[in-house]
Amino acid sequence: MNAVEIENLRRVYRATIGTFRRSIKEVVAVDNISLAVQPGELFGLLGPNGAGKTTTVKMLTTLLIPTGGTARILGYDIVRQADQVRPIIGFIFGGERGLYWRLSGRDNLQYFADLYRVEPRVAKKRIPHLLELVGLKGRDDEKVEGYSRGMRQRLHIARALLHDPQVLFLDEPTLGLDPVGARELRSMIRDLSTQGKTILLTTHYMFEADALCERIAVINHGRIIALDTPAGLKRYAQDLSVVEVEVFGIEDNALEQIRALPAVEAVSVENQDQRQVVLVQSSHGSAVMQPLMEILAGMRVGKVVVREPTLEDAYVRLVGGEKGIAQVD
Amino acid sequence: MTGLLNWLRVFVRGAVLSYIALFRWFRPAQYTASKIVMPLNQILFFTLLGSYALGTNSAPFFAIGNSLQIAAVSGIYGVTMSVGGERWEGTLVYLFGTPASRMSIFLGRAFVHILDGMLGVILGLAWSGLLLGVDFSHTSLLALALTILITAASTSGLGLLMGAVSLAALETFFVNNTVYFLLLVFSGANVPLQNFPGWVQAFSYMLPLTRGIQAARQIVAGAGLSEVAPLLIGEAAVGAIYIGLGYLLFRTFETIAKRRGRLESF
Chain A
48 MNAVEIENLR RVYRATIGTF RRSIKEVVAV DNISLAVQPG ELFGLLGPNG
98 AGKTTTVKML TTLLIPTGGT ARILGYDIVR QADQVRPIIG FIFGGERGLY
148 WRLSGRDNLQ YFADLYRVEP RVAKKRIPHL LELVGLKGRD DEKVEGYSRG
198 MRQRLHIARA LLHDPQVLFL DEPTLGLDPV GARELRSMIR DLSTQGKTIL
248 LTTHYMFEAD ALCERIAVIN HGRIIALDTP AGLKRYAQDL SVVEVEVFGI
298 EDNALEQIRA LPAVEAVSVE NQDQRQVVLV QSSHGSAVMQ PLMEILAGMR
348 VGKVVVREPT LEDAYVRLVG GEKGIAQVD
Chain B
2 MTGLLNWLRV FVRGAVLSYI ALFRWFRPAQ YTASKIVMPL NQILFFTLLG
52 SYALGTNSAP FFAIGNSLQI AAVSGIYGVT MSVGGERWEG TLVYLFGTPA
102 SRMSIFLGRA FVHILDGMLG VILGLAWSGL LLGVDFSHTS LLALALTILI
152 TAASTSGLGL LMGAVSLAAL ETFFVNNTVY FLLLVFSGAN VPLQNFPGWV
202 QAFSYMLPLT RGIQAARQIV AGAGLSEVAP LLIGEAAVGA IYIGLGYLLF
252 RTFETIAKRR GRLESF
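Protein chains in written order, with the numbering used here: chain A, 48 to 376; chain B, 2 to 267.
Encoded structure:
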């Protein structure tokens, strides 16, 4: 039996537009997705903001009723058997909210242990153990309002593990964490996976999915556009070469000109303080270099590197880049 | 048996922790201002105004009415904050993801506020005796205590309903203020019910507090428990109806929010 089984899952939101002359607009957040996660697998759902990752997790955790399709967690239907699903899953959503800030970390866990029907004698042993596991031992009697963002996120992990769930849904768990906090959390997720937990992790950080997940589904505009191992996904970009150009103050019209170059597959920009790193994916190797430098003439240009494609390049290509979504079978 | 024990744990621990976590006035300065100073001012204001207009003999009418009405500070504002506050804390989504009994979660939100409301009423009555000369020498304290308990509980019943409304309406204080002032006017705390037209009196008797205030006035005047029993049974029944409606709305809210994807929206 699969730990998570999704068949043609669909979710449409209805949004009201206007104040006086109101009209209703339908937004398809998840569009007929199907996938299966094996027991004990660490599965990644990767996609840009608004791709449908959180909506999918909300449906799988019984917090949102699907518009169509079905999903089962360890054989239980998420709608018809929601009462059976809830005790066997744990979930966290990214961000700091969702804890009682005026209570201590320990009181938060104690209350959720009751809500998850954990026997008091079990909770008495498990709560200190979890507090130690997430590195909050010694801070457990302090109010959550005094915790850092990373501490709150770790407390969320402890909360999700209170009832020893078989399946964990982690929705962008490292969102907003500093690099050290994010690394600690990733290490914790890896440990949980080695303990045999089935984990469905959503993220929009490619390296995070690459470092943690055994298989990754790339989701965009509510649809799964690729599903493979990290190594398999990298093959989507193996025919590309990537030019990285460090520029100070590039303007939109220059980016448009780069995008319009015939050999260019996709262009993305990373803002780093005063400078931007322009990533140009090309299917014609370094042939793009000369017209690219002509467009950038007159601008202050820093380091220029031509490199092999990475998983991130495959992801950029898959989710559309600037020249449309790659069609994947 | 295990199920019942867990139900009670969720009820009791949820009651205490939700009070600490979600009742925004649970800090010394806010508590003193909202639960002691404001109610005291309300009692003094209406009693002195009433005495000026109708004579000092009317002071017990206003003092007792407004003392009982203080139950609404906890019952309406407090309970609504403890139910509706889940949305502001962002905990609603986690709460509804648990397998816990929704009834024990819901009822637990009112429990400490009932006790807190009773304390408020007792303080109000003490001020009435000390500052406004209300005579308690003929009062059956047991009957009065029971009246305070039932009135605080029934008012919290309306608070639970309003809490569920505030979840759906995404608004807490508009709901609170409207209901609080409706009670102030129509519960008979400050205006004798017979001064209202018949349909308004009928509305008054649909509210909590109305019968509780009448019972308290009669008890302070020397009536025994058996004499006010019909009023107390009526007050308890009104409270039970509001609790039932509140729970129904709470469950409906959960279902609709999950259908529309609005558990977290503000």
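Positions of the beta carbon are idealized from the N, C-alpha and C atoms, including for glycine.
Keep in mind that this is a model prediction, so the values were computed, not measured.
Residue i, DSSP secondary structure in three states
i                : result
Val74 (chain B)  : helix
Val135 (chain B) : coil
Ile372 (chain A) : Confidence at Ile372 (chain A) is low in this model, with a pLDDT of 32, below 50, so its placement is unreliable and the value that follows should be read with caution. Correct three-state label for Ile372 (chain A): coil.
Ser81 (chain A)  : strand
Glu143 (chain A) : coil
Thr276 (chain A) : coil
Tyr362 (chain A) : helix
Phe138 (chain A) : strand
Thr99 (chain B)  : coil
Ile71 (chain A)  : strand
Gly65 (chain A)  : coil
Asp117 (chain B) : helix
Residue of the options minimising C-alpha distance to residue i
i                : options                                : result
Ala229 (chain A) : A:Leu239, A:Pro212, A:His210, A:Met198 : A:Met198
Glu255 (chain A) : A:Val77, A:Phe90, A:Met48              : A:Phe90
Ala73 (chain B)  : B:Ser83, B:Ser157, B:Met39, B:Leu126   : B:Ser157
Glu52 (chain A)  : A:Ile64, A:Ser70, A:Gly269, A:Met106   : A:Met106
Val166 (chain B) : B:Ile77, B:Ala101, B:Leu50             : B:Ile77
Arg260 (chain B) : A:Pro277, A:Gln304, A:Val126, A:Glu355 : A:Val126
Asp78 (chain A)  : A:Ala50, A:His268, A:Arg61, A:Arg354   : A:His268
Phe216 (chain A) : A:Leu224, A:Leu202, A:Leu248           : A:Leu248
Phe254 (chain B) : B:Trp26, B:Arg88, B:Phe27, B:Ala146    : B:Arg88
Thr250 (chain A) : A:Glu312, A:Gly65, A:Thr103            : A:Thr103
Leu49 (chain B)  : B:Met39, B:Val38, B:Pro61              : B:Pro61
Gln319 (chain A) : A:Val311, A:Ile297, A:Asp275           : A:Ile297
Leu6 (chain B)   : A:Val74, A:Thr114, A:Leu150, A:Glu166  : A:Glu166
Straight-line gap, residue i to residue j (C-alpha atoms, nearest Å)
i                : j                : result
Arg252 (chain B) : Gly245 (chain B) : 11 Å
Ala111 (chain B) : Thr179 (chain B) : 19 Å
Tyr248 (chain B) : Gln157 (chain A) : 25 Å
Phe267 (chain B) : Glu90 (chain B)  : Here the model assigns Phe267 (chain B) a pLDDT of 41, short of 50, so the residue's position is not dependable and the matter cannot be decided.
Ala373 (chain A) : Lys281 (chain A) : In this prediction, Ala373 (chain A) scores a pLDDT of 34, lower than 50, which makes its location untrustworthy; the coordinate-derived value is nonetheless stated afterwards. Whole-angstrom Cα-Cα distance: 14 Å.
Val94 (chain B)  : Leu132 (chain B) : 48 Å
Leu308 (chain A) : Asp299 (chain A) : 15 Å
Gly85 (chain B)  : Ile234 (chain B) : 29 Å
Phe46 (chain B)  : Gly56 (chain B)  : 14 Å
Phe187 (chain B) : Ser205 (chain B) : 5 Å
Leu183 (chain A) : Glu231 (chain A) : 13 Å
Asn55 (chain A)  : Thr92 (chain B)  : 30 Å
Lys244 (chain A) : Arg164 (chain A) : 20 Å
Phe107 (chain B) : Arg10 (chain B)  : 13 Å
Val375 (chain A) : Tyr283 (chain A) : Residue placement at Val375 (chain A) is flagged as unreliable, the pLDDT there being 32, under the threshold of 50; a coordinate-derived value is accordingly withheld.
Gly116 (chain A) : Arg57 (chain A)  : 6 Å
Leu287 (chain A) : Ser329 (chain A) : 6 Å
Gln43 (chain B)  : Asn67 (chain B)  : 7 Å
Leu82 (chain A)  : Val176 (chain B) : 45 Å
Phe12 (chain B)  : Thr101 (chain A) : 31 Å
Val229 (chain B) : Leu142 (chain B) : 13 Å
Pro220 (chain A) : Leu111 (chain A) : 19 Å
Met2 (chain B)   : Trp8 (chain B)   : 10 Å
Met207 (chain B) : Gly199 (chain B) : 13 Å
Ser315 (chain A) : Val363 (chain A) : 8 Å
Phe138 (chain A) : Ala207 (chain A) : 6 Å
Partner residues on chain A for residue i, Cβ-Cβ distance less than 8 Å
i                : result
Thr99 (chain B)  : Arg133, Phe159, Leu162, Tyr163
Asn7 (chain B)   : Asp161, Arg164
Lys259 (chain B) : Thr109, Leu110, Leu111, Ile112
Tyr32 (chain B)  : Result: empty, since nearest Cβ-Cβ is about 13 Å, beyond 8 Å.
Partner residues on chain A for residue i, Cβ-Cβ distance less than 7 Å
i                : result
Gly91 (chain B)  : Arg144, Gly145
Leu264 (chain B) : Leu110
Gly76 (chain B)  : Under the 7 Å cutoff, chain A gives no residues; its nearest Cβ is about 21 Å from Gly76 (chain B).
Gly79 (chain B)  : Result: empty, since nearest Cβ-Cβ is about 15 Å, beyond 7 Å.
Tyr95 (chain B)  : Gly145
Residue i: contacting residues in chain B (beta-carbon distance under 9 Å)
i                : result
Leu150 (chain A) : Leu18, Ile21, Ala22
Contacts that residue i makes with chain B (C-beta to C-beta distance below 7 Å)
i                : result
Tyr60 (chain A)  : Gly262
Phe138 (chain A) : Gly98
Asp154 (chain A) : Leu18
Residue i: contacting residues in chain A (beta-carbon distance under 9 Å)
i               : result
Val11 (chain B) : Tyr158, Asp161, Leu162, Arg164
Residues that residue i contacts on chain B, provided the C-beta gap is smaller than 8 Å
i                : result
Asp130 (chain A) : Pro100
Q. Using 8 Å as the Cβ pair cut-off and three pairs as the minimum, do the segment 9-26 of chain B and the segment 118-127 of chain A touch?
A. No, because fewer than three Cβ pairs between the segment 9-26 of chain B and the segment 118-127 of chain A fall closer than 8 Å, the two stretches do not touch.
**Q.** Near-chain E residues of the segment 107-120 of chain A - C-beta to any C-beta below 7 Å
**A.** In summary, chain E is missing from the structure at hand, where the protein chains are A and B.
Q) Using 8 Å as the Cβ pair cut-off and three pairs as the minimum, do the segment 171-179 of chain A and the segment 113-125 of chain B touch? A) In short, these stretches do not touch, since the Cβ pair count stays below three.
Q | Sufficient close CB pairs (3 or more, under 8 Å) joining the segment 91-104 of chain A to the segment 257-272 of chain A | A | As far as the Cβ criterion goes, the segment 91-104 of chain A touches the segment 257-272 of chain A, which means the pair count is three or higher.
Q: Mind the definition here: the segment 148-155 of chain B touches the segment 208-217 of chain B only if three or more C-beta pairs lie below 8 Å; say whether that holds.
A: Using a C-beta cut-off of 8 Å, the segment 148-155 of chain B makes contact with the segment 208-217 of chain B, since at least three inter-stretch Cβ pairs fall below that distance.
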